[in-house]
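Enquirer: My structure is below; once you've seen it, I'll send some questions.
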Amino acid sequence: MAFVETLTKNFSGWVIFCCCCCVPLLLTSPLPLKGKGVASTTPHGCKLSKSHFQPPYIRNVTYTLAKMAKASDHDTDNRFIGQQLFVNIKENNRCYMMKRVMEIVVKDVLAEAKKLYPNAEEVAEFFARLTKEELRSCNSSGHKERIEKNLGEMKNKMKQLGDNGKTKAIGELDLLFDYTEDACTDTPKRGGNKKKN
């Protein structure tokens, strides 16, 4: 009987202690929030408004330019823009990855394409504006080694293919457009984009 009395007294003491100390601590401790209006884990500046991709004119011009270049590209073994870019890349770094891909395409591909393809300058200006203005403060979160490795593989492959590599990159501008839209906006993925891979 003495054991039961001791247990009851200790149990009552623990209940009072928990009610007075533990519950208030639990109620005041911050919990991770989810839902609309909550800051995401995306690095600062790595989000674009859906409105950047909605004007039909720039989408049509980009897709038309890609279609023209695809007609000259007979290499079906290689792909620059696709899921392989995101291998070992955290989701919150995907927009930064696309920013870097756009920079490469604008500098190494579209700069020369302006002389060969109509509207190439407009497409170059669109991607350059996204990288230099809209995504100006977009940086990777964490280590960049994996990002640099994947970009290096893309650049090496493009260099090995020479002029055809540049033609292929132009032929994938529609993919660049779609992957950037998917990686950098909060909107649901457009049907079929990932299936182009």
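1024 is the number of the first residue of the sequence shown in the numbering used here; add one for each residue after it. Note that the Cβ used here is the ideal one computed from N, Cα and C, for glycine as well. Quick caveat: nothing in here was measured; it's all calculated off a predicted structure.
1. Would you mind giving the Cβ-Cβ distance between alanine 1094 and aspartate 1197, rounded to the nearest angstrom? I have them listed as a contact below 8 angstroms.
2. Nearest to valine 1129 by CA position, among Phe1150, Glu1157, Phe1109, Met1120, is which residue?
3. Would you give the residue range spanned by the alpha helix (DSSP H) that isoleucine 1081 belongs to?
4. Can you tell me where the alpha helix (DSSP H) holding glycine 1175 begins and where it ends?
5. Would leucine 1071 pass as a contact of asparagine 1173 if the rule is Cβ separation under 8 angstroms?
6. Classify threonine 1154: buried if its beta carbon has 16 or more other beta carbons within 10 angstroms, exposed otherwise.
7. Can you name the start and end residues of the alpha helix (DSSP H) that phenylalanine 1103 belongs to?
8. How long is the line joining the alpha carbons of threonine 1208 and lysine 1113, rounded to whole angstroms?
9. Would glycine 1194 and aspartate 1096 qualify as a contact pair, given that the criterion is a beta-carbon distance under 8 angstroms?
10. What does the alpha-carbon distance come out to for the pair lysine 1182 and arginine 1123?
11. Using three-state DSSP, classify valine 1110 as helix, strand or coil.
12. For tyrosine 1080, count neighbouring C-beta atoms within 10 Å of its own C-beta (all shown protein chains included) and say buried if the count is 16 or more, exposed if not.
Expert: Inspection of the coordinates gives the following:
1. No, alanine 1094 and aspartate 1197 are not in contact; Cβ-Cβ is about 13 angstroms, not under 8 angstroms.
2. Phe1150
3. 1079-1093
4. 1168-1184
5. no
6. buried
7. Note, phenylalanine 1103: premise wrong, no alpha helix (DSSP H); not H, not E.
8. 16 angstroms
9. yes
10. 17 angstroms
11. coil
12. exposed
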